[in-house]
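Here is the structure we will look at, set down as structure tokens.
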Amino acid sequence: MKRTSLAGDSCPVARALDVFGDWWSLLIIRDASLGRRRFGEFQESLGLAKNILASRLRTLVERGILKMIPASDGSAYQEYVLTPKGRGIFPILVALRQWSEEFDEHPDEIATIMVDRDKGKPVKKLVLYAQDGRVLDAADTALKPRPAAKRARRVPA
1 MKRTSLAGDS CPVARALDVF GDWWSLLIIR DASLGRRRFG EFQESLGLAK
51 NILASRLRTL VERGILKMIP ASDGSAYQEY VLTPKGRGIF PILVALRQWS
101 EEFDEHPDEI ATIMVDRDKG KPVKKLVLYA QDGRVLDAAD TALKPRPAAK
151 RARRVPA
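44 is the number that the UniProt record's numbering gives to position 44 of the sequence shown; each next residue is one higher, with no gaps.
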């Protein structure tokens, strides 16, 4: 069964999910954010079948999330590193992590906490701010058409 592409969808959430929307891809990006660079490191961390890992890595490279570079140790291997586009996914990973820490049925089973590397203190929860500095939640936001926006297949509800 072929996956439906959301690349041309008018919703930016759908378009983003089209780029990195399966959990394996997000976990690969998470691991790359943590410093994993080699195929074997991803495979060991995720326990993912090699063919699926190879496919996800190839797609992430094709979509500009990762790039391949010569191995840092001078060996014949290639390493995968996040591009600026890939590093831009970090706040999404933090938001997912914080959501899980708040709403997971068994938060005591979560093995790690995110801390500021320099201070060793837990990272504050992400907050959405208005341009004037007010804290916003979903009820405080609305969607409006972008000026001269091209209409795609469907508009989000």
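Think of the CB as a built atom: it goes at the ideal place given N, C-alpha and C, for glycine as much as any other residue.
Check, Outcome
"Check the DSSP bridge columns for residue 78 and list the partner residues they point to.", "70"
"Helix, strand or coil for residue 147 per DSSP?", "coil"
"First and last residue of the alpha helix (DSSP H) that includes residue 84?", "84 to 87"
"Across which residues does DSSP place residue 135 in a beta bridge pair?", "129"
"Mind the definition here: the region 27 to 42 touches the region 84 to 94 only if three or more C-beta pairs lie below 8 Å; say whether that holds.", "yes"
"Near residue 36, which residues of its chain fall below 7 Å by C-beta distance, leaving aside the five closest residues on each side in sequence?", "42 and 45"
"Would residue 65 and residue 25 be called neighbours here (beta carbons separated by less than 9 Å)?", "yes"
"In angstroms, rounded to a whole number, what distance separates the CA positions of residue 56 and residue 119?", "35 Å"
"Helix, strand or coil for residue 123, going by three-state DSSP, please let me know.", "coil"
"Give the straight-line distance between the Cα atoms of residue 130 and residue 136, rounded to the nearest whole angstrom.", "6 Å"
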